[in-house]
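Taking my numbering, the leading residue of the sequence shown gets 26, the next gets one more, and so forth.
Below: one structure, written as structure tokens.
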Amino acid sequence: MSLKSTTNIIPLPRFGDDHLAHVYSMFPLEIVDAQGVFLHTNDGRRILDLYGGHAVAALGYGHARWVEALTKQAKSLAFQSNAVNVDVRRRAAKRLIEFCGLGLDTVFFVNSGAEANENALKIALKITGVKKIVAVEGSFHGRTAAAGAVTWGAQKKWYGFSRTPFDVQFIPRGDLQALEIAIRDDTAAVIVEPIQGVAGAVDMPKEFLQALRHRCSEMGSLLIFDEVQCGVGRTGYPFAANMYGVTPDMITTAKALGAGFPVSAILLANHVASELKTDDLGTTFGGGPMACAIVETVIDIIEKERLMANVQQRSAEIRKNCVTGPIVGTQGAGLLLGLRTSRPAKDVHADLLKRGILTGLSGDPNIIRVLAPFILASEHVELLRAALADIGK
Ligand SMILES: Cc1ncc(COP(=O)(O)O)c(C=O)c1O
Numbered sequence: 026m027s028l029k030s031t032t033n034i035i036p037l038p039r040f041g042d043d044h045l046a047h048v049y050s051m052f053p054l055e056i057v058d059a060q061g062v063f064l065h066t067n068d069g070r071r072i073l074d075l076y077g078g079h080a081v082a083a084l085g086y087g088h089a090r091w092v093e094a095l096t097k098q099a100k101s102l103a104f105q106s107n108a109v110n111v112d113v114r115r116r117a118a119k120r121l122i123e124f125c126g127l128g129l130d131t132v133f134f135v136n137s138g139a140e141a142n143e144n145a146l147k148i149a150l151k152i153t154g155v156k157k158i159v160a161v162e163g164s165f166h167g168r169t170a171a172a173g174a175v176t177w178g179a180q181k182k183w184y185g186f187s188r189t190p191f192d193v194q195f196i197p198r199g200d201l202q203a204l205e206i207a208i209r210d211d212t213a214a215v216i217v218e219p220i221q222g223v224a225g226a227v228d229m230p231k232e233f234l235q236a237l238r239h240r241c242s243e244m245g246s247l248l249i250f251d252e253v254q255c256g257v258g259r260t261g262y263p264f265a266a267n268m269y270g271v272t273p274d275m276i277t278t279a280k281a282l283g284a285g286f287p288v289s290a291i292l293l294a295n296h297v298a299s300e301l302k303t304d305d306l307g308t309t310f311g312g313g314p315m316a317c318a319i320v321e322t323v324i325d326i327i328e329k330e331r332l333m334a335n336v337q338q339r340s341a342e343i344r345k346n347c348v349t350g351p352i353v354g355t356q357g358a359g360l361l362l363g364l365r366t367s368r369p370a371k372d373v374h375a376d377l378l379k380r381g382i383l384t385g386l387s388g389d390p391n392i393i394r395v396l397a398p399f400i401l402a403s404e405h406v407e408l409l410r411a412a413l414a415d416i417g418k
């Protein structure tokens, strides 16, 4: 199993030793490099990565075309701001709009999921002129002031700001009656993850998303799909919006969009984009040439290598074959799957890691998250099945 020598072991840092803020609960791993779907650790282990660094490593590691695109762009023009025209930025926007195929027609590039949501919420408040945002219980939208305000449970756990920048009302997932009551003419926007990632790959019922669309149109509120985690091929469709057949007014996306390079985007319907004026939005780094070269290349790879079909096939295999050992059911879509565990997910997570497989945890203590690279093969699914069977109930 081991690919690396075990002689160069780097000890894991202790609090205070490494000059980093210790705000994460850490996996007991030190990664030194990675190729394809495998991580290599400092103690010589090879780990099958079904977590992809919080769903980022959509193409796995070291994809030759990804590396080439980044290198080429770095050599020719590493950076210029949005104040000058750069062809690769226009190409990336066109490619993203065509990939999405839902009729949204404008892109604003930023840098992270939270920043994309922050801007989408700001746009909604500005355009509608009203003050309330409706969000869904269980949601995660990021850690900045606006994104954190619409994140379920944030204010109790970590929010930190003295007040939210707007009024927020949370509605229960799937509750058609609650959405009718909450979304009124005082509502600027509804923000929803079509599949809640951090909550444990919880897919929203189709009727719920359809009803949100209908009610938002009725009340003049904007519908924002947060596809930071579930977008760009992860469900086996360009966006979860395509899978559900529901078109929002804005989609925010990140993670798989750069497949390891930090980039995020807001896709806007024309009736939203046409309201924007000079100076309404801005960013220094967003839409930089390297980020845009990567967006263009990632979409090209997803399409040319038929990775969305692969995502759907591997997803079907996992759902069919991996309900074994401690796994009693599955939820989610594509390679954003939640595997329901019969005992605490953290124990199953640790048992899998001992067997060389890294998965993710979630807000649900009985869900293991699978956020595997889109290049996953059947043989890797078989490794997961065998490890789960070996762990047993
Ligand atoms: C659905 C969703 N929205 C927003 C975010 C925040 O993204 P970032 O950490 O890039 O700010 C995340 C991060 O996990 C996410 O899953």
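Quick reminder that beta carbons are idealized off the backbone N, C-alpha and C, glycines included.
With respect to the 9 Å criterion, residue 303 and residue 134 are not classified as neighbours on the basis of their beta carbons. In the three-state reduction of the DSSP assignment, residue 113 falls in the helix class. Each of 223, 203 and 192 was checked against the Cα of residue 211, and the nearest Cα belongs to 192. DSSP places residue 355 in no alpha helix (DSSP H) but in the uninterrupted beta strand (DSSP E) bounded by 352–358. Counting only runs of 4 or more residues that sit fully inside the stretch 97–157, the alpha helix (DSSP H) segments are 112–125 and 138–153, in chain order. Judged by DSSP in its simplified three-state form, residue 289 adopts strand. Taking one beta carbon from each stretch, the stretch 286–299 and the stretch 132–149 have 3 or more pairs nearer than 8 Å; the two touch.
When rounded, the separation of the alpha-carbon atoms in residue 73 and residue 64 is 6 Å.
Under the three-state reduction of DSSP, residue 160 is assigned to strand. Per DSSP, residue 196 lies in no alpha helix (DSSP H); the unbroken beta strand (DSSP E) holding it starts and ends at 192–196.
Using a C-beta cut-off of 8 Å, the stretch 43–60 makes no contact with the stretch 224–232, since fewer than three inter-stretch Cβ pairs fall below that distance. Given a length threshold of 4 residues, each whole run of the alpha helix (DSSP H) inside the stretch 300–341 is given here in chain order: 314–329. Between ligand 1 and residue 168, a heavy atom-to-CB distance of less than 8 Å is present. Straight through space, the alpha carbons of residue 244 and residue 156 are spaced by roughly 13 Å. Residues of the same chain with a CB within less than 7 Å of the CB of residue 262, apart from the 5 flanking positions on each side, are 268 and 333 in chain order. In the displayed model, residue 365 falls within a strand according to three-state DSSP.
Between ligand 1 and residue 280, a heavy atom-to-CB distance of less than 8 Å is present. About 17 Å separates the Cβ atoms of residue 383 and residue 259, ruling out a contact at the 8 Å cut-off. For residue 145, same chain residues with a beta-carbon under 6 Å away, outside a window of 5 residues either side, are 249, 275, 277 and 291 in chain order.
The three-state secondary structure of residue 172, taken from DSSP, is helix. For residue 221, the beta-bridge partners assigned by DSSP are 227. Around the C-beta of residue 154, fewer than 16 other C-beta atoms lie within 10 Å, and the residue is accordingly described as exposed.
Counting along the chain, the unbroken alpha helix (DSSP H) around residue 204 starts and ends at 201–207.
Annotation for residue 375: no beta strand (DSSP E) segment contains it, though the alpha helix (DSSP H) segment containing it runs 370–379. When DSSP states are grouped into helix, strand and coil, residue 400 belongs to the coil group. Close CB contacts of residue 322 within its chain, under the 7 Å cut and outside five residues either way in sequence, are with 90, 91 and 94 (chain order). Considering only 331, 372 and 283, the residue with the shortest C-alpha distance to residue 77 is 283. If you check the CB distance, residue 340 and residue 362 come in under 9 Å.
Rounded to whole angstroms, the gap between the alpha carbons of residue 131 and residue 170 is 25 Å. Residue state for residue 237 is assigned as helix, using DSSP reduced to three classes. Per the C-alpha coordinates, the member of 105, 158, 242 and 368 positioned closest to residue 207 is 158.
The continuous alpha helix (DSSP H) containing residue 268 extends over residues 265–269.
Distances from the CA of residue 69 to each of 326, 381 and 112 were compared; the closest alpha carbon is that of 381.
Straight-line measurement puts the Cα of residue 270 at about 11 Å from the Cα of residue 126. In the DSSP assignment, residue 79 falls within the alpha helix (DSSP H) that extends over 77–80. Distances taken from the Cβ of residue 407 to the heavy atoms of ligand 1 include none shorter than 8 Å.
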